[in-house]
Amino acid sequence: MSKSRRSLPEINAGSMADIAFLLLIFFLVTTTMDVDTGIKRKLPPLPDEENVPTQVDFHKNNILIFDCSPNSDKILIETGAEEAGNGKPFATNELKNEIITFLTNFGRNPDLSESPEKAVLSIRVHKKTQYETYIEIQDQISIAYKELRNNEALKRFNKKYENLNKEQQDVVKKAFPMRVSESIKE
Amino acid sequence: MGKFKRKNEGESPKISTASLPDIVFMLLFFFMVATVLREVELKVTNELPKATEVSNLQRKSLVSHIYVGSGKYGKWKGEKNCLQLNDAIAEIKDIPAFVLAERAARHEDERKLIWTSLKADNTAEMYFIDQVTTELRRVSPMGHKISYTTKKEVNK
Numbered sequence: 183m184s185k186s187r188r189s190l191p192e193i194n195a196g197s198m199a200d201i202a203f204l205l206l207i208f209f210l211v212t213t214t215m216d217v218d219t220g221i222k223r224k225l226p227p228l229p230d231e232e233n234v235p236t237q238v239d240f241h242k243n244n245i246l247i248f249d250c251s252p253n254s255d256k257i258l259i260e261t262g263a264e265e266a267g268n269g270k271p272f273a274t275n276e277l278k279n280e281i282i283t284f285l286t287n288f289g290r291n292p293d294l295s296e297s298p299e300k301a302v303l304s305i306r307v308h309k310k311t312q313y314e315t316y317i318e319i320q321d322q323i324s325i326a327y328k329e330l331r332n333n334e335a336l337k338r339f340n341k342k343y344e345n346l347n348k349e350q351q352d353v354v355k356k357a358f359p360m361r362v363s364e365s366i367k368e
Numbered sequence: 043m044g045k046f047k048r049k050n051e052g053e054s055p056k057i058s059t060a061s062l063p064d065i066v067f068m069l070l071f072f073f074m075v076a077t078v079l080r081e082v083e084l085k086v087t088n089e090l091p092k093a094t095e096v097s098n099l100q101r102k103s104l105v106s107h108i109y110v111g112s113g114k115y116g117k118w119k120g121e122k123n124c125l126q127l128n129d130a131i132a133e134i135k136d137i138p139a140f141v142l143a144e145r146a147a148r149h150e151d152e153r154k155l156i157w158t159s160l161k162a163d164n165t166a167e168m169y170f171i172d173q174v175t176t177e178l179r180r181v182s183p184m185g186h187k188i189s190y191t192t193k194k195e196v197n198k
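Spelled out as structure tokens, the structure:
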């Protein structure tokens, strides 16, 4: 009995919880959970007098054109070898397979690409095309390239693409370089 | 009924709340670690598109944000294709100055590592996006690193 009387009076910690709750609520309100995720691309510089894009004489069959008009949910795919305006309609989630067939043609079908190094994917948007559609196409291109690069990495190094070191990744990237061009139509 | 007699009648036993602050602090630290501070107040709608094949943007300090969407307040209310830089609605011609300011704010060694995160609304129209990217290309003679910010979608 006498011991407790001598000790210091206890500080009331009852309000500690309130203070912590206040801080907690402050953080809940002012912060966001989401991390920035996105499709990474590198935009080329604008062509000017010093920096004229080199005119390469390439075969028309090395281009695959995605034409997305604003009032249709289908995307027209035409190869450069065909007459313009003869595109076939595809749903956006079917694009991946088309891209892979086009890239891995290796000259078998004269209408498709000669080799993945020479192939160019071209996105042709209209003025009023929704951003959503454009992103879906970019996404499908990313998916197709990821699959192709992964296969190539497994074939050459017996490892997944993301597990390769920098030099090995460059080798695989060189075999399947991503070349995307964009244009806007009135 | 008087078999069990209470020792101190009328006084219910107190539940100790001494560990409550600890629990709340634990929650607090979880939220502090798992979240990031909101950077700007959005003045445009920003319903991001979804994509499956996305990668994270590391180093938040080296990311500059450009927002595109329909205006939410004031005279821009309901107007399609508005551009927001920092905290205010801006025009296309303000982009080069914005990019240069973002560059100047970073250390010289880190300027090459800056990513631009384009946060555009689902309904933004491509002609506007094209104007934005054209300006970005204009200020970057070595090419411009851009990330089309999307929500992550689990494989269908």
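Chains as they are written, first to last, in our numbering: chain L, 183 to 368; chain P, 43 to 198. Even glycine gets a Cβ: it sits at the ideal position worked out from N, Cα and C.
Do we get a CB-CB distance below 8 Å when we pair residue i with the residues of chain L?
i: residue 194 (chain P); result: yes
i: residue 140 (chain P); result: no
i: residue 185 (chain P); result: yes
i: residue 108 (chain P); result: no
i: residue 121 (chain P); result: no
i: residue 167 (chain P); result: yes
For the alpha helix (DSSP H) that contains residue i, what are its first and last residues?
i: residue 324 (chain L); result: 313 to 339
i: residue 75 (chain P); result: 62 to 76
i: residue 276 (chain L); result: Where residue 276 (chain L) is concerned, there is no enclosing alpha helix (DSSP H), given that its DSSP letter is neither H nor E.
i: residue 40 (chain P); result: Within the shown structure, residues of chain P are numbered from 43 to 198, placing residue 40 (chain P) beyond reach of any answer.
i: residue 22 (chain P); result: No information on residue 22 (chain P) is available, as it lies outside the stretch 43 to 198 that chain P covers here.
Starting from residue i and walking both ways along the beta strand (DSSP E), at which residues does that stretch end?
i: residue 132 (chain P); result: 130 to 132
i: residue 271 (chain L); result: 270 to 273
i: residue 356 (chain L); result: Element bounds for residue 356 (chain L): not the beta strand (DSSP E) but the alpha helix (DSSP H), 348 to 357.
i: residue 125 (chain P); result: 124 to 127
Give a yes or no on whether 8 Å exceeds the smallest Cβ distance from residue i to chain P.
i: residue 360 (chain L); result: no
i: residue 258 (chain L); result: no
i: residue 342 (chain L); result: no
i: residue 133 (chain L); result: Outside the displayed range of chain L (183 to 368) lies residue 133 (chain L), so it cannot be described from this structure.
i: residue 183 (chain L); result: Low confidence applies here, because residue 183 (chain L) scores a pLDDT of 49, under 50, leaving its location unreliable; read the following figure in that light. Not an interface residue.
i: residue 226 (chain L); result: yes
i: residue 335 (chain L); result: no
i: residue 281 (chain L); result: no
i: residue 349 (chain L); result: no
i: residue 269 (chain L); result: no
For residue i, does the three-state DSSP call read helix, strand or coil?
i: residue 194 (chain L); result: coil
i: residue 192 (chain P); result: strand
i: residue 294 (chain L); result: coil
i: residue 209 (chain L); result: helix
i: residue 183 (chain L); result: Note that residue 183 (chain L) has pLDDT 49, beneath the 50 cutoff, so the model's placement of it is unreliable and the number below is only indicative. Looking at residue 183 (chain L) - three-state DSSP - the assignment turns out to be coil, as it is neither helix nor strand.
i: residue 204 (chain L); result: helix
i: residue 342 (chain L); result: coil
i: residue 242 (chain L); result: helix
i: residue 113 (chain P); result: strand
i: residue 119 (chain P); result: strand
Based on DSSP bridge pairs, tell me the residues matched to residue i.
i: residue 289 (chain L); result: DSSP output for residue 289 (chain L) lists no bridge partner at all.
i: residue 203 (chain P); result: Missing from the structure shown is residue 203 (chain P); chain P here goes from 43 to 198 and no further.
i: residue 220 (chain L); result: P:97, P:191
i: residue 256 (chain L); result: L:273
i: residue 306 (chain L); result: L:249, L:365
i: residue 214 (chain L); result: P:78
i: residue 225 (chain L); result: P:186
- Query: Do the region 308 to 322 of chain L and the region 162 to 181 of chain P meet, that is, are 3 or more Cβ pairs less than 8 Å apart?
  - Reply: Segments in contact, yes.
- Query: For the 8 Å Cβ check, are there 3 or more pairs between the region 318 to 326 of chain L and the region 211 to 226 of chain L?
  - Reply: Flag = yes, the region 318 to 326 of chain L and the region 211 to 226 of chain L touch.
- Task: Flag this pair as touching only if the region 74 to 94 of chain P and the region 123 to 142 of chain P have three or more C-beta atom pairs under 8 Å; answer yes or no.
- Result: Contact between the region 74 to 94 of chain P and the region 123 to 142 of chain P is present, because at least three Cβ pairs lie under 8 Å.
- Query: Does the region 185 to 197 of chain P come close enough to the region 250 to 262 of chain L that 3 or more CB-CB pairs lie under 8 Å?
  - Reply: Look at the beta carbons and you see the region 250 to 262 of chain L not touching the region 185 to 197 of chain P: under three pairs across the two are nearer than 8 Å.
- Take every Cβ of the region 356 to 367 of chain L, pair it with every Cβ of the region 285 to 302 of chain L, and state whether three or more of those distances are shorter than 8 Å. Yes, since at least three Cβ pairs between the region 356 to 367 of chain L and the region 285 to 302 of chain L fall closer than 8 Å, the two stretches touch.
- Spell out a yes or no on whether the region 63 to 77 of chain P and the region 194 to 207 of chain L are touching, meaning 3 or more CB-CB pairs, one atom from each, closer than 8 Å. The answer is yes - the region 194 to 207 of chain L touches the region 63 to 77 of chain P, with three or more Cβ pairs under 8 Å.
- Query: Do the region 96 to 110 of chain P and the region 141 to 157 of chain P meet, that is, are 3 or more Cβ pairs less than 8 Å apart?
  - Reply: Yes, they touch.
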